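Remarks on the structure that follows.
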Amino acid sequence: MTVRFAVPVRSTSIRSLLSLRRGETEGSGRYALQTMSDEQTTKTTNTASRAKAPAGVVESIKKFVAAEGGAATAVLQPIGAAGVRITLVGDSNGYLGDRVVDDVATAHAVVDAVPGLKIGEWDRDLTSKATVSPEHYRKMAGWVAHSEHFPKARNSAII
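Here our numbering = 1-based position in the sequence shown + 88.
What follows is the structure, encoded as structure tokens:
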């Protein structure tokens with residue numbers, strides 16, 4: 089499988105144009121096409137498997153899984169510069185939990201280190217299994233939950 093994507097380059101020579109056919113990064117103009125083969129993907133996967141799971145995160149998730157009857161589902165969600173959120177949904181009660189780690193490779197290492205934890209996606213089955221407690225709703229609402237006066241709408245001049 090070959091995937092093409094654009095990379096910024098600084099060269100303008102004819103030799104650079106010929107290098108596009110060989111899949112190198114040199115090219116003409118602001119962007120040049122580069123091909124990425126399965127070899128690069130394999131190398132990335134092998135390096136990703138070497139990530140180490142943080143002991144504190146693993147222990148807390150093990151406690152969560154044990155409290156949920158020994159099985160839970162983890163949804164890995166990248167959240168930008170903060171890292172990757174591992175959202176946990178327990179199999180027996182559907183309780184929610186989460187931890188944040190540095191990157192996707194570390195998140196996969198955490199899932200591999202915890203017995204009874206499997207990776208899932210937010211599909212119909214998982215979302216219907218998740219149980220959100222009233223305290224969780226109040227916590228997510230923050231200051232709005234206990235407020236009687238709300239700020240004026242920012243778009244009130246338009247309305």
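Just so you know, even glycine gets a beta-carbon here, dropped at the ideal spot from N, CA and C.
None of these values were measured; they are calculated from a predicted model.
Residues near Val198 in its chain [Cβ-Cβ closer than 7 Å; skip 5 each side]: For the purposes of this step, residue 198 is taken as residue 110 along the sequence shown, with counting starting at 1. These residues qualify, in order along the chain: Ala141, Val145, Val146, Ile149, Ile174 and Val189.
| message | Between which two residues does the beta strand (DSSP E) holding Ala166 run? | response | Here residue 166 refers to the residue found at position 78 when the sequence shown is read from its first residue. For clarity, residue 166 is Pro in the given sequence; the question names Ala instead. Unbroken beta strand (DSSP E) run through Pro166: Ala160 to Pro166.
_Extent of the continuous beta strand (DSSP E) run through Arg173_ = One-based indexing of the sequence shown puts residue 173 at position 85. It spans Val172 to Gly178 - the beta strand (DSSP E) in which Arg173 sits, taken as one unbroken run.
Going along the chain, which residues of its own chain have a beta-carbon closer than 8 Å to the beta-carbon of Ala139, five neighbours each way excluded?
Residue 139 sits at position 51 when you count from the first residue of the sequence shown. Asp191, Ala193, Thr194, His196 and Ala197.
Contacts around Leu205, its chain only, beta-carbon distance under 7 Å, and the 5 residues preceding and following it disregarded:
For the purposes of this step, residue 205 is taken as the residue at position 117 of the sequence shown. Only Ile149, Val153, Ala160, Ala162 and Val199 meet the Cβ criterion.
- [ ] State yes or no: is the C-beta of Gly182 within less than 7 Å of the C-beta of Lys217?
- [x] In the sequence shown, counting from the first residue as 1, residue 182 sits at position 94. In the sequence shown, counting from the first residue as 1, residue 217 sits at position 129. Contact: yes.
Review point. DSSP on Gly182, reduced to helix/strand/coil?
Key: Within the sequence shown, the letter at position 94 stands for residue 182. Gly182 falls in the coil class under three-state DSSP.
The alpha helix (DSSP H) spanning Val227 covers which residue range? Taking the first residue of the sequence shown as position 1, residue 227 is located at position 139. The question names Val, yet the displayed sequence has Lys at residue 227. First-last of the alpha helix (DSSP H) with Lys227: Pro222 to Ala229.
Run through the DSSP bridge pairs and tell me what Ile207 is partnered with. As a working mapping, residue 207 is identified with position 119 in the sequence shown. Paired residue(s): Ala162.
- Query: How should Glu263 be labelled, buried or exposed, when 16 other C-beta atoms within 10 angstroms of its C-beta is the threshold for buried?
  - Reply: Summary: the structure shown does not reach residue 263, with the chain confined to residues 89 through 247, and so no result is reported for it.
**Study point:** Sequence-distant residues of the same chain with beta carbon closer than 7 Å to Leu164, five excluded per side
**Key:** Position 76 of the sequence shown, counting from 1, holds the residue named residue 164. Within the same chain, Leu164 has close Cβ partners Val172, Ile174, Val192, Ala195 and Ile207.
> Which residues bound the alpha helix (DSSP H) around Ala193?
Replying inline: Within the sequence shown, numbered from 1, the residue matching residue 193 stands at position 105. Note, Ala193: alpha helix (DSSP H), Val192 to Ala201.
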